[in-house]
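For any residue, its number in our numbering is found by taking its place in the sequence shown, counting from 1, and adding 310. Let me begin by presenting the structure, written as structure tokens, before commenting on it.
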Amino acid sequence: MINLNIQATKKNWAKAIPQSLPIYFVSGADDPIGDFGKGVLQSYKDLEQNGFEKVSIKLYPNLRHEILNESIKEQVYQDIVDWLTVLINHKKIEQKDV
Numbered sequence: 311m312i313n314l315n316i317q318a319t320k321k322n323w324a325k326a327i328p329q330s331l332p333i334y335f336v337s338g339a340d341d342p343i344g345d346f347g348k349g350v351l352q353s354y355k356d357l358e359q360n361g362f363e364k365v366s367i368k369l370y371p372n373l374r375h376e377i378l379n380e381s382i383k384e385q386v387y388q389d390i391v392d393w394l395t396v397l398i399n400h401k402k403i404e405q406k407d408v
């Protein structure tokens with residue numbers, strides 16, 4: 311766990327991730343672990359600045375760390391399903407063009 315934290319906080323951490331990998335950040339905007347949304351937003355920006363095109367972010371206002379245990383968990387799950395659906399449909403379109 312300590313090694314994972316060290317790797318994730320290195321200056322050039324984003325370069326170790328394939329740019330083709332789709333990433334969806336979801337977090338509570340009031341999560342102290344994510345620096346109240348700032349850390350998640352910075353990770354998102356780091357990926358964008360490193361050329362990632364399939365990176366998305368959703369911060370849920372007034373929610374903390376366990377967004378899947380909150381009263382709006384169905385909305386969070388639906389947002390993830392919607393993101394995956396767009397991703398899957400886009401991949402199908404890309405395959406048709408080949």
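The C-beta atom is built at its ideal place from N, Cα and C for all residues, glycine as well. On a predicted model such as this, the values are computed, not experimentally measured, just so you know.
Test: residue i CB closer than 8 Å to a CB of chain B
i       : result
Ile-398 : Checking the listed chains, one finds no chain B in this structure; it contains a single protein chain.
Other residues of its chain near residue i: CB distance less than 7 Å, five sequence neighbours each side excluded
i       : result
Ser-353 : Phe-335
Reference residue i; option with closest CA among the options
i       : options                            : result
Arg-374 : Val-350, Asn-360, Ile-333          : Val-350
Gly-338 : Ile-377, Ile-390, Lys-383          : Ile-377
Lys-325 : Ser-381, Gly-347, Phe-362, Pro-332 : Phe-362
Ile-333 : Glu-380, Asn-399, Ser-381, Glu-358 : Glu-358
His-400 : Gly-347, Lys-364, Lys-348, Phe-346 : Lys-364
Val-396 : Ser-366, Ser-381, Lys-348          : Ser-366
Contacting residues, own chain, Cβ-Cβ under 6 Å from residue i (five flanking each side not counted)
i       : result
Gly-344 : Ser-337, Val-350
Pro-371 : Ala-339
Asn-360 : Ala-324
Gln-329 : Gly-361, Phe-362
Val-391 : none
Beta carbon of residue i nearer than 8 Å to that of residue j
i       : j       : result
Lys-368 : Asp-341 : no
Same chain, Cβ closer than 8 Å to residue i, neighbours up to 5 away in sequence not counted
i       : result
Phe-346 : Ala-339, Asp-340
Element boundaries [alpha helix (DSSP H), containing residue i]
i       : result
Leu-357 : 348-359
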